[in-house]
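Report on the following structure.
There are 2 protein chains.
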Amino acid sequence: MAVNSPIPVAADLKPVAGIRLGYAEAGIRKPNRKDVLVMELAPTATVSGVFTTNRFCAAPVQVCKAHLEGLHMASSPIRALVVNTGNANAGTGDAGLAAANATCAALAELLGCEASQILPFSTGVILEQLPVDRLVAGLPAAIANLTADNWFNAATAIMTTDTQPKAASATVEINGKTVTMTGISKGAGMIKPNMATMLGYLAIDAKVAQNVLDHMVKQAADKSFNCITIDGDTSTNDSFMLIATGAGEVEVNDVETPEYVALAEAVTALSQKLAHMIIRDGEGATKFMTIAVEEGRDVEECRKIAYSIAHSPLVKTAFFASDPNLGRILAAIGYAGVNDLDVGKLNLYLDDVWVAKNGGRNPEYREEDGQRIMKQSEITIRVKLARGDAAATVWTCDLSHDYVSINADYRS
Amino acid sequence: MAVNSPIPVAADLKPVAGIRLGYAEAGIRKPNRKDVLVMELAPTATVSGVFTTNRFCAAPVQVCKAHLEGLHMASSPIRALVVNTGNANAGTGDAGLAAANATCAALAELLGCEASQILPFSTGVILEQLPVDRLVAGLPAAIANLTADNWFNAATAIMTTDTQPKAASATVEINGKTVTMTGISKGAGMIKPNMATMLGYLAIDAKVAQNVLDHMVKQAADKSFNCITIDGDTSTNDSFMLIATGAGEVEVNDVETPEYVALAEAVTALSQKLAHMIIRDGEGATKFMTIAVEEGRDVEECRKIAYSIAHSPLVKTAFFASDPNLGRILAAIGYAGVNDLDVGKLNLYLDDVWVAKNGGRNPEYREEDGQRIMKQSEITIRVKLARGDAAATVWTCDLSHDYVSINADYRS
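Chains as they are written, first to last, in full-length UniProt numbering: chain E, 1 to 412; chain F, 1 to 412.
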């Protein structure tokens, strides 16, 4: 069960004018489950994305990058995105690239556009060839049920080890006009995005210039998907795509405008919500942890320390056990690689409880106070470095028996 | 149960002339267990050590460093080492430093030397004050049973979550004379030494000049304790001490001699054995894994990739399950931070089985061959980068349910 994350209600997910979604059960890995998603875009749409920095980046990621790069040079817009689960098409060499390209070609023919106007995505097992024939065979069924109100099914179609679909909507008023936005995400393991998450798609009905959208997607990812980790394993397939359909009334053509600021803020907030859903549904997660590192010299060192805490198996198992064995947090801070850190000035808080004062145990800290916070399902670890005014926040979950069970049995 | 690591037999552990060992049950954390160890050295002994790079280094580590530094300036040799378990005396501020110094003063008075001639060590829970009164009260009992053949009891006295004591002996012939050496180590969690392991002590009866010993201990640590990881958590208390008692016939005063080379080789081999014992007894370990990264541009990038694989929870759980989900290894290689790595040239082997060829699945690889190797208790993962002739090896273990259980219940 995901930590304090109710299953989204289909009726609450707002259609976004200019994008239609359809799914199929193509039997990629297992029969009788939604495993293919097609998102069809209006010709007015702009699309921008950020991708994994993993050197073993999957074949579809390579194809996406090439098609988006082409976009900046040519005039043919992206017309559709296609996602399959059950197979990551990563570690698959030239055959994998051919499979991703064949998928684009097949969908392009069905939609009457060029293969370069399609963006392909895959998620699932690595180092196995994509069953491209089954994927292509499933495309007509997905096209047959393309509708604007299919977001809930779309969120379901991209799930792998997720226990529940992840989707949310929002609106923002800009100059008296409403922008509607809906996003979906997936991922529960191999989560430490280094550009974006496993898979995330967010559509807005504003009209946004390509270079402005490129800026906005990076800004949103840096404050959301790039601040989460479950197990420190950066995936081969991480992709976060921002789609501006251009079907609504609002238009943003410049980063230096109040319209941009308002829209980017709303997109970032919704991205954060989608990113948090991934952590709340982290494999085996029982706790949602916010790690806030403050008073650092720069953001980089704050992030280093936050990730060091978030990745420590000892910290994560202590939180699973609700055991305030908080010296493990100090150890993780100490080996984070901030080599001139003066630990004698450091303060550590668990929610409102002051645990470590000037590098040692706070004389007024009582074990029962730590215990009380540790039993909560949502906990903030706050570290104050006393050496500057930079800060960074990372979100993560605990490490439980179920994480081991899920990943020991993933392929069975 | 440790992986293929029989419990050492007391009678097989060779006394080393010039060092006597005694233990006590001081009730530091729990009653009725050996938790204090004293090692008394001959006045001819030289001592050198490497310590954790954790910024939260424990109070006893700070005192050790100060006393060893004093050694290089003054003439008073180190006369004894004292180790307690049950409390790490880390994250304890000024009170912790005072406790470590009080321990040295008390032992010095009992042995008739200066406090600066004592090296203190602690291991156990972080962020709790050391019960120094109980520790000091236990010292006379430890001194009362000081003998040269107490290595097995010494190894037992420094255990925490270890399931079995770790100790080994060796001899090496140098110019027709025998050097005898015996070492002990401890540690099973919070293991990713960055200078040395949790605790390791190796005594040799040769006479070795201080600057030569300083060189030898670094060389041995870099090829042993600095190449192991269980959970990536670098401890606050890591210490590896090399003691040359000077009581034997062999003398080494220069690094540039065949005698040095022979002795350093033997010390390194025994250090490796002690380091492997830690991995074999890793918390919850069911597999002993050797990760060999070859054909790299430099050792640094080989180590980065080896540690990335060794720390991946997804790789570790797959090995626990004997599931050849080997794409996870490729993903870990891909995010190791070697940014210009050409994955299209990379080859991956599991023992003798060629899994990935030129970055993709080897067409001749059969799942049942991977399965066969995965079921073994000892496995070598070999990665060939095809970009140079540097290499590095890291030893690690898998991640099991028992790791979570042990660390969720550590303090109970």
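Each residue gets a CB set at the ideal place from its N, CA and C atoms; glycine is no exception.
Source: prediction; values computed, not measured.
Worksheet item: Does the beta carbon of F/Met-195 sit closer than 9 Å to a beta carbon anywhere in chain E?
Response: Residue mapping note: residue 195 of chain F aligns to position 195 of the second sequence, counting from 1. Reliability of the predicted coordinates at F/Met-195 is poor, the pLDDT of 41 falling under 50, and no value is obtained from them.
Worksheet item: If we ignore side chains and look at the alpha-carbon of each, how far apart do F/Asn-407 and F/Leu-330 end up?
Response: In the second sequence, counting from the first residue as 1, residue 407 of chain F sits at position 407. In the second sequence, counting from the first residue as 1, residue 330 of chain F sits at position 330. The alpha-carbon atoms of F/Asn-407 and F/Leu-330 are separated by roughly 28 Å.
Discussion item. Is there a Cβ of chain E sitting closer than 9 Å to that of F/Asp-369, yes or no?
Written reply: As a first step, residue 369 of chain F is located in the second sequence; it is residue number 369 there, counting from the start. Cβ-Cβ to chain E under 9 Å: no for F/Asp-369.
Practice prompt. Using DSSP bridges, identify the partner residues of E/Leu-21.
Written response: Position 21 of the first sequence, counting from 1, holds the residue named residue 21 of chain E. E/Leu-21 is bridged to E/Met-39, E/Thr-147.
Practice prompt. Report the rounded CA-to-CA distance for F/Val-353 versus F/Lys-316, giving the unit in angstroms.
Written response: For this step, residue 353 of chain F is matched to residue 353 along the second sequence. For this step, residue 316 of chain F is matched to residue 316 along the second sequence. C-alpha separation (whole angstroms): 19 Å.
Worksheet item: Does DSSP classify F/Gly-93 as helix, strand or coil?
Response: Here residue 93 of chain F corresponds to residue number 93 of the second sequence, with the count starting at 1. Looking at F/Gly-93 - three-state DSSP - the assignment turns out to be helix.
Worksheet item: Going by alpha carbons, who is nearest to E/Lys-345 out of F/Ala-105, F/Thr-92, F/Ala-42, F/Thr-85?
Response: Here residue 345 of chain E is taken as the residue at index 345 of the first sequence, counted from 1. When each option's Cα is compared against that of E/Lys-345, the closest is F/Thr-92.
Worksheet item: I think E/His-401 touches F/His-401, with their Cβ atoms under 8 Å apart; what is that distance to the nearest whole Å?
Response: As a first step, residue 401 of chain E must be located in the first sequence, where it is residue number 401. As a first step, residue 401 of chain F must be located in the second sequence, where it is residue number 401. At roughly 5 Å, the Cβ-Cβ gap stays under 8 Å, so E/His-401 and F/His-401 are in contact.
Worksheet item: Comparing the C-beta of E/Glu-128 with each C-beta of chain F, is any distance below 9 Å?
Response: Translated into the one-based positions of the first sequence, residue 128 of chain E becomes position 128. Yes, E/Glu-128 counts as interfacial toward chain F.
Practice prompt. For F/Tyr-349, go through chain E and note every residue whose CB falls closer than 7 Å to its CB, in chain order.
Written response: For the purposes of this step, residue 349 of chain F is taken as residue 349 along the second sequence, with counting starting at 1. Under the 7 Å cutoff, chain E gives no residues; its nearest Cβ is about 14 Å from F/Tyr-349.
Discussion item. Which complete beta strand (DSSP E) runs does the segment 285-364 of chain F hold, if anything under 3 residues is left out?
Written reply: Fully enclosed beta strand (DSSP E) runs of no fewer than 3 residues occupy 288-296, 347-350, 353-357 of the segment 285-364 of chain F, in order along the chain.
Discussion item. I need the DSSP call for E/Met-195, collapsed to helix, strand or coil.
Written reply: Working through the first sequence from its first residue, we reach residue 195 of chain E at position 195. Confidence at E/Met-195 is low in this model, with a pLDDT of 41, below 50, so its placement is unreliable and the value that follows should be read with caution. Shown here, E/Met-195 sits in coil according to DSSP, grouped into three states, outside any helix or strand.
Practice prompt. Would you list the residues sitting across from E/Val-50 in a DSSP beta bridge?
Written response: Counting from 1 along the first sequence, the entry for residue 50 of chain E is found at position 50. E/Phe-240, per the DSSP bridge assignment.
Item to complete: Indicate whether at least one CB of chain F lies closer than 9 Å to the CB of E/Arg-382.
Response: Taking the first sequence and counting its residues from 1, the one referred to as residue 382 of chain E is at position 382. By this cut-off, E/Arg-382 is not an interface position.
Worksheet item: When you compare each of F/Pro-60, F/Leu-127, F/Ala-144 to F/Ala-105 by their alpha carbons, which one comes out closest?
Response: Taking the second sequence and counting its residues from 1, one reaches residue 105 of chain F at position 105. Taking only the C-alpha atoms, the option nearest F/Ala-105 is F/Pro-60.
Worksheet item: What span of residues does the beta strand (DSSP E) with E/Ile-118 cover, start to end?
Response: Residue mapping note: residue 118 of chain E aligns to position 118 of the first sequence, counting from 1. 118-125 is the span of the beta strand (DSSP E), which, as asked, contains E/Ile-118.
Item to complete: Report the residue ranges of all beta strand (DSSP E) runs contained in full by the segment 202-273 of chain E; include only those spanning at least 3 residues, in chain order.
Response: Here the runs fully enclosed are 239-244.
Worksheet item: Should E/Ala-100 and E/Ser-122 be called a contact, given that it needs their Cβ atoms to be closer than 9 Å?
Response: If you number the first sequence from 1, residue 100 of chain E lands on position 100. If you number the first sequence from 1, residue 122 of chain E lands on position 122. In this structure, E/Ser-122 lies closer than 9 Å to E/Ala-100 by Cβ.
Practice prompt. Decide if F/Val-82 is buried, meaning its Cβ has at least 16 other Cβ atoms within 10 Å, or exposed.
Written response: In the second sequence, the residue the question calls residue 82 of chain F occupies position 82. Per the 10 Å Cβ criterion, buried.
Worksheet item: Is any beta-carbon of chain F found at less than 9 Å from that of E/Ser-400?
Response: Residue 400 of chain E sits at position 400 when you count from the first residue of the first sequence. Cβ-Cβ to chain F under 9 Å: yes for E/Ser-400.
Practice prompt. Provide the residue span of the alpha helix (DSSP H) that contains F/Glu-367, from first to last.
Written response: Position 367 of the second sequence, counted from the start, is the residue given in the question as residue 367 of chain F. F/Glu-367: member of the alpha helix (DSSP H) spanning 367-374, first to last residue.
Discussion item. Measuring only the C-alpha atoms, how far is E/Gly-124 from E/Thr-85?
Written reply: For the purposes of this step, residue 124 of chain E is taken as residue 124 along the first sequence, with counting starting at 1. For the purposes of this step, residue 85 of chain E is taken as residue 85 along the first sequence, with counting starting at 1. E/Gly-124 and E/Thr-85: Cα-Cα distance of roughly 6 Å.
Discussion item. Under 9 Å, Cβ to Cβ, is there at least one residue of chain E near F/Met-190?
Written reply: Residue numbering aside, residue 190 of chain F sits at position 190 when the second sequence is read from its first letter. Judged by the 9 Å Cβ criterion, F/Met-190 is in contact with chain E.
Worksheet item: Terminal residues of the continuous alpha helix (DSSP H) containing E/Ser-5?
Response: Counting from 1 along the first sequence, the entry for residue 5 of chain E is found at position 5. Annotation: E/Ser-5 is outside any alpha helix (DSSP H) and is labelled neither H nor E by DSSP.
Fill in: Cα-Cα separation between F/Asp-409 and E/Leu-314, rounded to whole angstroms
Here residue 409 of chain F refers to the residue found at position 409 of the second sequence. Here residue 314 of chain E refers to the residue found at position 314 of the first sequence. Separation of F/Asp-409 and E/Leu-314 (C-alpha to C-alpha, rounded to the nearest whole angstrom) is 11 Å.
Worksheet item: When you compare each of E/Lys-30, E/Val-383, E/Gln-117, E/Cys-397 to E/Arg-280 by their alpha carbons, which one comes out closest?
Response: Counting from one through the first sequence, the residue named residue 280 of chain E turns up at place 280. Considering only alpha carbons, the answer is E/Cys-397.
Discussion item. With a threshold of 8 Å, are at least 3 pairs of Cβ atoms found where one atom belongs to the segment 356-373 of chain E and the other to the segment 156-175 of chain F?
Written reply: No contact exists between the segment 356-373 of chain E and the segment 156-175 of chain F.
Fill in: Residue(s) in a DSSP beta bridge with E/Cys-397
Along the first sequence, one-based indexing puts residue 397 of chain E at 397. Residue pairing for E/Cys-397: DSSP places it in a beta bridge opposite E/Phe-288.
Discussion item. Strictly below 8 Å CB to CB, what residues from chain E border F/Ala-321?
Written reply: Walking along the second sequence from the start, residue 321 of chain F turns up at place 321. The answer, in chain order, is Asn-407, Ala-408, Asp-409.
Worksheet item: Nearest-angstrom Cα distance between E/Ile-291 and E/Leu-270?
Response: Here residue 291 of chain E refers to the residue found at position 291 when the first sequence is read from its first residue. Here residue 270 of chain E refers to the residue found at position 270 when the first sequence is read from its first residue. So the two alpha carbons sit approximately 20 Å from each other.
Worksheet entry | Inter-stretch contact at 8 Å, needing at least 3 Cβ pairs: the segment 9-28 of chain E / the segment 46-55 of chain E | Touching, no.
Discussion item. Under 9 Å, Cβ to Cβ, is there at least one residue of chain F near E/Pro-120?
Written reply: Within the first sequence, residue 120 of chain E is the residue found at index 120, counting from 1. False, the Cβ-Cβ gap to chain F never drops below 9 Å.
Practice prompt. Taking only beta-carbon positions, decide if F/Thr-163 is within less than 9 Å of chain E.
Written response: Here residue 163 of chain F is taken as the residue at index 163 of the second sequence, counted from 1. Taking Cβ atoms only, chain E never reaches closer than 9 Å to F/Thr-163, which makes this a no.
Discussion item. Looking at the strands, I want to know which residues DSSP matches up with E/Lys-177.
Written reply: Here residue 177 of chain E corresponds to residue number 177 of the first sequence, with the count starting at 1. For E/Lys-177, which the question treats as bridged, DSSP gives the partners E/Ile-174.
Practice prompt. Could you tell me whether the Cβ of F/Val-343 comes closer than 9 Å to any Cβ of chain E?
Written response: Against the second sequence, residue 343 of chain F aligns to sequence position 343. Closer than 9 Å to some Cβ of chain E, the Cβ of F/Val-343 qualifies, so yes.
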